[in-house]
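According to the numbering used here, the sequence shown is numbered sequentially starting from 1385. Here a beta-carbon is modelled for each residue, glycine too, at the ideal position from N, C-alpha and C. On a predicted model such as this, the values are computed, not experimentally measured, just so you know.
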Amino acid sequence: FLFPASAEVEDVVVRELGSTAMFAARFRENAARALLLPRRQPTRRTPLWMQRRKSADLLAVASRYERFPIMLETYRECLRDVFDVPGLKGLLADIERQNIRVHVVESSAPSPFASSLMFNYTANFLYQGDAPLAERRAAALALDHAQLRELLGTADYRELLDGDAIDALTLELQRLEHRSTTGPDGVHDLLLHLGDLTEDEIAARCPAEASGNGQLARWIEELLATRRIVKIRIAGERRLAAAEDAARLRDALGVALPPGLPEAFLEAGDDPLGDLVSRYARTHGPFRAAEAAARLGLGEAAILPALDRLLARNRVVNGEFLPGGTGREWCDVNVLRRIKSKSLALLRKQIEPVAPQALARFLPVWQGVERPRRGLDGLLDVIEQLQGAPLLASDLDDLILPARLNDYQPSDLDELTAAGEVIWRGVESNGAHDGRIALYLADNVPLLAAVPLPCREGLGEGFSNDPSATKSNSKRRSLIPPLAPPFEGGGLDSSLCSRILEHLQARGASFFDDVAGALGGFRNDLFDALWQLVWAGHVTNDTLAPLRARRRSTAAAARTGRRRGGRDRKSFRSRRTARQPGAEGRWSLINYGDEALRSLTARQTAVTEQLVRRYGVLVRPAVSRELVEGGFAALYPILRAMEEAGRVRRGYFVAGMGGAQFASPGTDETLRRAPRIVEAHEDNVIVLGASDPANAYGSILKWPAAPVESIQLQRGAGARVFLLDGELIGYLGRAGNHLVTFAPEDPNDEPLWHEKLVRALAKIAKRGTPVLISQINAQPPSASPLASVFARQGFTPTTRGYLHRGPESTEAFARHA
């Protein structure tokens, strides 16, 4: 009772606005700018009282014309520039949704805010116009609301109103929703509410058993006998009507009435046709005039004057309401308000936050896992989206890139790095032979790559990571502050790192043997110092061969050879002796450029845009796993500016992810995509590396509870996750032999999950990687419900577990079958 409804407030303001002094003042200013209030003498200022008088005369005439441009512009200026009606509607909507609490406080003096409101309120009425109230209201009603809506940019009703909401409300208005009409009194009340109806129409609103056992016929006979209802004929149909409507039907439609009705029901009304049309509007959704005329047995031209009278009394409105409809339609004011409310309720239900599982379903789609790309251009597209993400080097070639690219080969990535299109940068070491790296398109390194600490504090006089920079060898300070050791064995002398950097700056890209020959000393120490600089983000290589060589053992190399189909004809065996794995290729400094040092805002903006491009829907946990300097708080001002510019949308898209969530325009529709119906014959299980950015579990989302408490799920190197429409159905550990399964919410889905999970494991084996499952949920696989499924999918039981050797097992299984 304290505030108007948010759906009505704009109409209330528009109706009352034209009679205010503020409107008159704004009209005067607009008319003066439009040169409609000319001066008598161009060199002399017109007195204010004369301007007001001329403006009042012009306003009195202009208010009679609904499309007068200055009138419409004044309404637009008041509603948008002065009042901020959209903000008011949003505030009232928040109060209605109880997002904002209202506390009533009585005070002896107005607050500062209330004082200013009271002063403005008084000032607005100091020069209130002298026009009669009726004329002022008539001027407000003459306003062309449709054109005003067009000027304000309000969407058309055909786009705003929901067809399902209209259908649901129409059933409710027609009392067809529950068929709850019972007894003679119920039938009489039904006819008073809806007007005349046929017996079949009455039966449709009563319980089915009432018409089946003859009860409805007895109710009607009782009402006819007591003259509470009458039989009439309208539009060629026999109908029943309440006796209270007899005079309206007689005077408006010329219906012949039966004798014996009370005199009180035969008294003529002021507007009988208007009453019938108004009731039709109250009990229907948006309608065409021809539909109402057909119901009343009249021509369309006969009821248009009645509709116009109702429009003048603000009882109905006309416009374009029905989605997919054409032409003008009519609707009762209160019915339209209820349709708006129902449509908004349905819309709010559609934009309610989705479950976190939907994010796990969305990310593989957004990052192109469901539709892999192909070729070098496809690889560049993938890298463009993954720029800056810390990726495990051991998973890059085996899991992350193959998930996004058909027929991916490591040589494709080497080709791009050798051509200077792509640069890789060390982020952090992960043990002695692995680490996290980030890929960048070469042009984006200055803006997206985090600048290493020594570059920020200065590496000594004249030092720069820019290879083109000059240097002085005469004076040199300590090159870098102590760096964290990349692996066990302690730190290294920073002077050795300094000498490597100086050499690379002076000589440019160099092979390790050239660096070792120029600097001398122990090669192992030099090698370790070089890799310390790699993980610190100073040095890169023109291929990823050193990363692969460091983590590849002899057995792993043999497995890789089998997986790739043997030795490639372009590969070779090095003839050099004492070559260290991880020293291949040419080493060079990463050029961060001067842009990274000059413009922090440009870097933060680029990083923010990149994160939105990578995740589609950006939430705080996603930023946390990216190791962004300053975290989400540092990017929040950039995201707000992007929202104001229309680059992102803010909303509560995913439940449990905090209130500050931002999405690319249109992304939220993909996020809210309904889960697919999982068919048994489809191979729609997505297999990802556990460390893959497209895997939300273990980073953005928590891992589901494991079936055994002792099992620890991690985003470790070599581990795989199996997703079925966003649900985590399986986890394969780093060793590749311990399978963890998860139970669906519906126990009936468990056999389907098991079948699809084992089929996905067999698919991995068929691609050339033998799969041996020795444990399932920390138990022997023979004791698992999956045992029979493994046998059906070509796995062979062994003393160590279930084994699938790939194509060989498939052929043997086919022969056995």
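Given residue i, which residues of its chain have a CB within under 8 Å of its CB, disregarding the five upstream and five downstream residues?
| i | result |
| --- | --- |
| H2138 | T2125, P2169, L2170 and V2173 |
| V1806 | L1764, I1767, L1797, L1800, L1823, Y1824, L1825 and A1826 |
| S1725 | A1391 |
| L1818 | It should be pointed out that residue 1818 corresponds to Asp in this sequence rather than to Leu. Around D1818: L1776, A1777, S1778, R1934, R1935 and A2101. |
| I1884 | V1899, L1903, L1910, A1913, L1914, L1917 and V1923 |
| Y1541 | G1703, E1704 and F1705 |
| L1730 | D1546, D1548 and A1549 |
| E1480 | A1389 and S1390 |
| L1525 | Annotation note: pLDDT 41 at L1525 (below 50); position unreliable, coordinate value reported separately. Hits under 8 Å: R1399, A1696 and N1698. |
Would you grab the beta carbon distance between residue i and residue j for me? Rounded to a whole angstrom, and I think it's under 8 Å.
| i | j | result |
| --- | --- | --- |
| L1783 | Y1792 | Not quite, the Cβ-Cβ distance comes to about 11 Å (not below 8 Å), so this is no contact. |
| L1607 | K1615 | Going by Cβ atoms, the distance from L1607 to K1615 rounds to 11 Å, so no, they are not a contact pair. |
| R1809 | L1776 | With 8 Å as the limit, R1809 and L1776 do not qualify as a contact, their Cβ atoms being about 14 Å apart. |
| Q1988 | L2019 | 6 Å |
| L1789 | R1758 | 7 Å |
| S2048 | V1991 | At roughly 16 Å, the Cβ-Cβ gap does not stay under 8 Å, so S2048 and V1991 are not in contact. |
Per DSSP, which residues does residue i bridge with? Please list them.
| i | result |
| --- | --- |
| H2122 | Q2159 |
| F2046 | L2002 and R2034 |
| W1808 | L1823 |
| N1925 | W1971 |
| N1814 | In DSSP, N1814 forms no bridge with anything. |
| H2188 | V2155 |
| A1626 | I1613 |
| T1566 | None; T1566 has no bridge partner. |
| N1790 | R1758 |
| I2070 | L2107 |
| Y2081 | L2085 |
| G1547 | G1547 is not bridged to any residue. |
| F1387 | DSSP, once it has assigned bridges, lists no residue as partnering F1387. |
| T2182 | G2185 |
| L1657 | In the DSSP output, where bridge partners are listed per residue, L1657 has none listed. |
| S1894 | W1971 |
| E1621 | I1618 |
I'd like the list of long-range same chain contacts for residue i, defined as Cβ closer than 6 Å, with 5 residues on each side in sequence excluded.
| i | result |
| --- | --- |
| L1657 | A1636 and A1690 |
| Y1999 | A2006 |
| R2009 | S2083 |
| A2149 | V2155, H2188 and G2190 |
| Y1664 | A1676 |
| Q1964 | F1911 |
| G1579 | R1663 |
| W1750 | G2000 |
| E1736 | none |
| L1641 | A1630 and R1634 |
| H2122 | Q2159 |
| P2091 | N2161 |
| S2075 | L1776, D1779 and R2099 |
Report all residues from its chain with a CB closer than 7 Å to the CB of residue i; omit the five preceding and five following residues, and keep chain order.
| i | result |
| --- | --- |
| Y2081 | A1744, W2087, V2105 and L2112 |
| L2011 | P1774 |
| H1572 | L1607, R1612, I1613 and A1626 |
| E1621 | T1582 |
| V1333 | Only positions 1385 to 2201 of the chain appear in this structure, which leaves residue 1333 out of reach. |
| W1603 | G1567, P1568 and V1571 |
| P1930 | G1966, A1967, E1968 and G1969 |
| L1770 | L1823, R1998 and P2077 |
| R2184 | L2156 and S2158 |
| V2032 | V1996, L2023, M2026, F2046, A2047 and S2048 |
| S1492 | none |
| R1410 | T1458, E1461 and C1462 |
| L1576 | A1626 and E1628 |
| A1552 | K1726 |
Subject >> Sequence ranges, alpha helix (DSSP H) only - wholly within the stretch 1682-1769, length at least 4 >> reply: Assignment of alpha helix (DSSP H) within the stretch 1682-1769, counting only whole runs of 4 or more residues, yields 1684-1696, 1717-1734 and 1740-1750 in chain order.
**OP:** For the stretch 2114-2123 and the stretch 1817-1833, state whether three or more C-beta atom pairs, one from each stretch, are separated by less than 8 Å.
**Re:** No: the two stretches stay apart, fewer than three of their Cβ pairs being nearer than 8 Å.
Original post:
With a cut-off of 8 Å, do at least 3 Cβ pairs link the stretch 1735-1744 to the stretch 2037-2051?
Top reply: Counting Cβ pairs under 8 Å, three or more are found: they touch.
**OP:** May I have a chain-ordered list of the beta strand (DSSP E) segments no shorter than 3 residues that lie completely inside the stretch 1574-1619?
**Re:** DSSP runs (the beta strand (DSSP E)) wholly in the stretch 1574-1619: 1613-1618.
Original post:
Using 8 Å as the threshold, is the stretch 1442-1457 in touch with the stretch 1401-1420, meaning 3 or more CB pairs across them?
Top reply: These segments touch.
Subject >> Three CB pairs or more closer than 8 Å across the stretch 1561-1579 and the stretch 1587-1595 >> reply: Taking 8 Å as the limit for Cβ pairs, the verdict is that the stretch 1587-1595 does touch the stretch 1561-1579.
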